[in-house]
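Chains A and B supply the protein sequences, listed in that same order.
Heads up: the first sequence begins at 248 in the working numbering, then just goes up one per residue.
Heads up: the second sequence begins at 2 in the working numbering, then just goes up one per residue.
First up is the structure itself, then whatever we jot down about it.
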Amino acid sequence: MTRAVVFSEDLNGFKNAASLAYSIANEVYGVGYNDVKYTDKLYLIDRTEEDSIADFISSINANLYVFGNSKKDKIIAAQVAGKRKIGYIPDIISVEVSEGKKVIAERVAYSGLAISKLECELPCVVTVSKSFGEVKERNTQIERVNLKESKIKVIESKKATSSADLANAQIIVSVGRGLGSKDNVALAEELAKILGGAVGGSRPVVTELGWLPEDRQIGLSGIKVRPKLYIALGISGQPQHLVGIKDSKIIVAVNTDKNAPIVDNADYVIIGDAVEFLKTMIERLKAK
Amino acid sequence: MNVVAGFKVVLDDTLIKVVNGQLDFNVPLKVSNYDKNAVEEAVELKEKYGGTAIGVTVGIDDRKSIKDMLAMGLDEVRVVKGNYFDALSTAEAIIEATKDVKTDLYIFAEQTTDGNTSSVPAMLASLLDLPLLSYVKSLRIDGRKVIAERSLGLNSETLEAELPAVISVTGEINKPRVPTVRQVLEASKKPIKYIEFSSQPKVKIVELNPYVVNRKRVIIEGNMKEAVDKLITYLKEDGVL
C-alpha cells in the first residue's frame, strides 16, 4: 500500500497513529499544529476547528487516514469519512490489511460487551484506541498550509478546572451514587492521596449530582482508564461504566448490594458501606 | 423552526449476556439511551419556537419504541428499515428520509449504545456541508444562529453557527420527559412514514465476539476491619499496593 495520512491533536496520539500508519503504508503524511518529525511529510496547519481540518485532510489523496482517539480527533475523522464517502472504523485495537485492498480491524462495541471484527475496502478512515508501538524520528519535509475558514465560531474556550490525569493514573479511587453525599468525596480524595492515586467517578455523580468536575467522569461518555488498581465505591456497574474500566489490572468493588453488576466484574468485593470502608481503609493505611 | 431528531432502536445493552462463550442477543429492544435526550431537545425547541419536530430512525423497525418517541411530542416519525447500515449509509438514509423537510436543525445523541462510533452526526454534516456542533450540553437559538456549549473533556467551549446545522447532544442537556397517558394515546394517531432506501455499506461486520475479562470475583466476608485487612493483603500479593 502506498500512502497514509495521520492526525491527532495530541503528541502521543499522533505518534501512535504514525506508528500504525507505517506498519501498513510506505509513505506517511502528518497533519498537525506542531512541528514534529515522525512522518515523511508534515502539513503544519494554522487553525484548530474540526471542519477546517477535515476539509484539508480529505483533500489529501491517500489509502488510509489514521487518527488519534480524542473526541476531537474522532469528530474530524468521521467528517473526513463523510466528505470522502468512505468507510470509518473508530477505536481500533487491532488491524491488518488483506490483499492490499481491505482493512480488517477489531474494535470494542455494545458498550464494552463485544469485540467486533470489521472489514472495510480501502480507502478507509480509522482511529486508534490502543498502543501500536514506538515511532522513530524522520527527516520530515514541512509545508505550512492556511486552512479554509470554519463554519463554527468559537466564542469562548475554557480549560477544565481540575488537573487529575485519570487516563494515565496507576491507582484510581472512583465514587458512585452509593457514596451518599458530596461531603464523603473528601474521604475518597484522602484515600487517593495516601495511595498516590486520583479520584474519578461514575456518570451520575458527575453530571446529575455534580460531586466531581466533568473531566473526572469515567466510562463510555467520559474517560477510559487503565490503572493497576481501580477501587469502585458505591458504583453499581452499568455497562457504560464497565467499558471505561475494563483495562484495569485489579478492580475492587465496595457495594451494599451483592447483586449489583459490579460484583461480577471485580476481583475483590466487599459487601458493605463505602463510607465505612473509606474510613477503615484510611485508618489502616495511616497506621502502617 | 423545523427540527429533525435521530433516534436508534437498539438491543438493550444492559441485558446482553455471554452464554456458553457466545453473546446472547435475544434481549428486548429499546431506544438508545441518549437518543431520548435528542428527541426531548427537538420537542423543547418546537414548543419554544414553533414549527415541527420530526423523528427519524434507521435500522430496526420497532412500533413500541417509535410510539414512545411520538408520545414524547414528535409530530411524526420517518422509518428506514433495514438489516444493517454502517454509519455512512445511516447518514445517507437520514438525508433520503427527510429530503422534503426544510430542516433548520438536525439533533442526535453523542453516541448510541450499540456501535458507539459517535460518527453519524459528523457524516451527515459533511454530506450536507453543514456546520457541526458536537457533544453539546446546552444550546439556545438567536435568530438564525445557534449558540451551544460543549465539553470535550479537557476544555469546554461556547460555539456559534448559522442555521441550518447539525448537533450532537450529551445526556446532560435535558431530562427526557415521561409522557402522560393522554400523550401516549395521541401518539397512536400520529403519522409513521416508511421510506425505502438501500445502499452498499462500506464497513461490514465480519464477527462479533464477547469481550470478557475474567475477574477473580473474591467476595471478602467479615466485618469491615477484617475485610479491609484481607483486602490489603490480597492487593499486596497482587503487587498493586
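Here a beta-carbon is modelled for each residue, glycine too, at the ideal position from N, C-alpha and C.
For Thr-114/B, the neighbours in chain A by C-beta distance under 9 Å run, in chain order, Tyr-357, Ser-358, Leu-467, Pro-486 and Gln-487.
About 22 Å separates the beta carbon of Ser-358/A from that of Leu-456/A, a gap too long to meet the 8 Å contact definition. When the five nearest sequence neighbours on each side are left out, the beta carbons in the same chain lying within less than 6 Å of the beta carbon of Ser-33/B are those of Lys-9, Val-11, Thr-113 and Thr-114, in order along the chain. In the DSSP assignment, Val-28/B falls outside any beta strand (DSSP E) and carries neither an H nor an E. Remark: three or more beta-carbon pairs, one from each stretch, lie closer than 8 Å, so the region 64-82 of chain B and the region 97-108 of chain B are flagged as touching. With fewer than 16 other Cβ atoms inside 10 Å of its own Cβ, Pro-29/B counts as exposed.
Collapsing the DSSP output to three states places Thr-454/A in a helix. Distance between Asn-386/A and Glu-111/B, taken at the CA atoms: about 39 Å. Here Leu-267/A is near Val-313/A, since their CB atoms are less than 7 Å apart. Proximity of Thr-58/B to chain A, defined by a Cβ-Cβ separation below 7 Å, is not satisfied.
Inclusion of Ile-55/B and Val-5/B in the CB contact set at 7 Å is warranted, their separation being smaller than that value. Of all residues in the region 214-227 of chain B, the ones placed with a Cβ closer than 7 Å to any Cβ belonging to chain A are Val-214, Arg-216, Lys-217, Arg-218, Val-219, Ile-220, Ile-221, Met-225 and Lys-226, in chain order. One finds Ile-322 in chain A with Cβ atoms closer than 7 Å to the Cβ of Ser-135/B, taken in chain order. A check of alpha carbon separations from Gly-60/B across Ser-200/B, Glu-208/B and Asp-230/B identifies Ser-200/B as the nearest.
For Ala-110/B, no alpha helix (DSSP H) encloses it; the enclosing beta strand (DSSP E) starts and ends at 106-110. By the Cβ test, the region 447-461 of chain A is not in contact with the region 502-519 of chain A, since fewer than three Cβ pairs between them sit closer than 8 Å. Within the region 89-137 of chain B, the complete alpha helix (DSSP H) runs of at least 4 residues fall at 121-129. Your pair Gly-444/A and Leu-128/B does not check out as a contact, with CB atoms roughly 45 Å apart and the cut at 8 Å.
Closer than 7 Å to the CB of Tyr-477/A there is not a single CB belonging to chain B.
Residues of the region 21-36 of chain B that bring their beta carbon within less than 7 Å of a beta carbon in chain A comprise Leu-24, in sequence order. Contact annotation for Thr-91/B against chain A: no contact, minimum CB-CB distance about 11 Å [criterion: below 8 Å].
By the 16-neighbour rule on beta-carbons within 10 angstroms, Lys-440/A is exposed. Contiguous alpha helix (DSSP H) elements confined to the region 258-295 of chain A occur at 258-271, taking only those with 4 or more residues. Measuring C-alpha to C-alpha distances from Ser-306/A to each of Gly-380/A, Ala-251/A, Ala-500/A and Ile-498/A identifies Ala-251/A as the nearest. Secondary structure remark: continuous alpha helix (DSSP H) runs of at least 4 residues inside the region 457-529 of chain A, in chain order: 486-492 and 508-511.
The Cβ atoms of Thr-159/B and Glu-173/B lie no closer than 7 Å to each other. Listed in chain order, the non-local C-beta contacts of Ile-389/A below 7 Å within the same chain comprise Asp-282, Leu-289 and Leu-291, local neighbours out to five positions each way being set aside.
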